[in-house]
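For the sequence shown, position 105 (counting from the first letter as 1) is numbered 127 according to our numbering, and the numbering increases by one without interruption.
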Amino acid sequence: MTQPFTVSLVSWHDGEPLLKAIRTAVFIKEQGVPEDMEWDEHDATCRHALALSLNGDAIACGRMFSNGHIGRISVLSEWRGKMVGTAIMEAFLNYADAHDYPQVDVDAQVQAKPFYHRFDFVERGEVFMDAGIPHIKMLLKLK
Ligand SMILES: CC(C)(COP(=O)(O)OP(=O)(O)OC[C@H]1O[C@@H](n2cnc3c(N)ncnc32)[C@H](O)[C@@H]1OP(=O)(O)O)[C@@H](O)C(=O)NCCC(=O)NCCS
23 MTQPFTVSLV
33 SWHDGEPLLK
43 AIRTAVFIKE
53 QGVPEDMEWD
63 EHDATCRHAL
73 ALSLNGDAIA
83 CGRMFSNGHI
93 GRISVLSEWR
103 GKMVGTAIME
113 AFLNYADAHD
123 YPQVDVDAQV
133 QAKPFYHRFD
143 FVERGEVFMD
153 AGIPHIKMLL
163 KLK
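Spelled out as structure tokens, the structure:
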């Protein structure tokens with residue numbers, strides 16, 4: 023069956039209101055991340071992935087730095103478990119592959135490690151706290 027959503031890569035300039043709505047719902051409202059920690063200067067230069075439902079609602083997003091660092095992967099709660107997060111990651115991994123990135127990495131929330139294991143990311147280093155949430159760096163070598 024065709025997936026009931028589309029994923030595209032967008033700039034912050036083009037996607038800002040939709041990207042902000044998703045991250046506000048997931049990180050600020052649901053996970054309690056302080057607003058001043060959620061938004062930073064990197065959004066303007068990152069490549070963003072944005073998933074839209076077939077009727078045009080923004081449902082998931084994420085961002086990737088030019089050095090292959092992936093972050094802010096977020097799917098609205100009602101859309102979880104439908105492979106939207108997977109599609110966001112695949113969009114970034116395809117881009118990274120097409121642009122000869124040697125590796126990508128993510129600062130994964132510890133609770134989400136199994137999600138990243140599915141793409142063969144491996145843990146690096148120790149668990150650390152960010153915005154009050156335990157995280158661990160995970161790495162995926164592409165070459
Ligand atoms: C983590 C998140 C991005 C996953 O997105 P999703 O669209 O629900 O994931 P998918 O449907 O693509 O899941 C694919 C697989 O990963 C597993 N998975 C997804 N999220 C998981 C989690 N938090 N813990 C363990 N496994 C998870 C699913 O069970 C599924 O495996 P299965 O097919 O064997 O059942 C999403 O749950 C989310 O936005 N969570 C809140 C924000 C967050 O924690 N972001 C991660 C920051 S590092």
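For glycine and all other residues, C-beta sits at the position ideal for the given N, C-alpha and C.
I need the boundaries of the beta strand (DSSP E) containing T24, first residue and last residue.
Looking at the DSSP string, T24 is not in any beta strand (DSSP E), and its letter there is neither H nor E.
V149: beta carbon under 7 Å from a heavy atom of ligand 1?
No, the Cβ of V149 stays beyond 7 Å of every heavy atom of ligand 1.
Around the C-beta of A66, are 16 or more other C-beta atoms found within 10 angstroms, so that it is buried, or is it exposed?
That one is exposed.
By Cβ distance below 7 Å, which residues in the same chain neighbour D129 in space, the five residues on each side in sequence not counted?
Closer than 7 Å at Cβ, skipping near neighbours: G93, D152, H157, K159.
What is the DSSP secondary structure of A153, reduced to helix, strand or coil?
Of the three classes helix, strand and coil, the one that applies to A153 here is coil, per DSSP.
Report, in whole angstroms, the separation of the C-beta atoms of L162 and D142, which I expect to be a contact under 8 Å.
With 8 Å as the limit, L162 and D142 qualify as a contact, their Cβ atoms being about 6 Å apart.
Going by beta carbon distance, what residues of the same chain come within less than 6 Å of F87, once the five residues before and after it are set aside?
The answer, listed in chain order, is C68.
Nearest to H91 by alpha carbon, out of Y117, I81, L98, M105?
Ranking Y117, I81, L98, M105 by Cα distance to H91 puts Y117 first.
Residues bridged to A73 by DSSP?
In DSSP, A73 forms a bridge with V29, A82.
Quick one: is the Cβ of P26 within less than 7 Å of any heavy atom of ligand 1?
It does not: the Cβ of P26 is nowhere closer than 7 Å to a heavy atom of ligand 1.
Decide if R45 is buried, meaning its Cβ has at least 16 other Cβ atoms within 10 Å, or exposed.
R45 is buried by the Cβ-count criterion.
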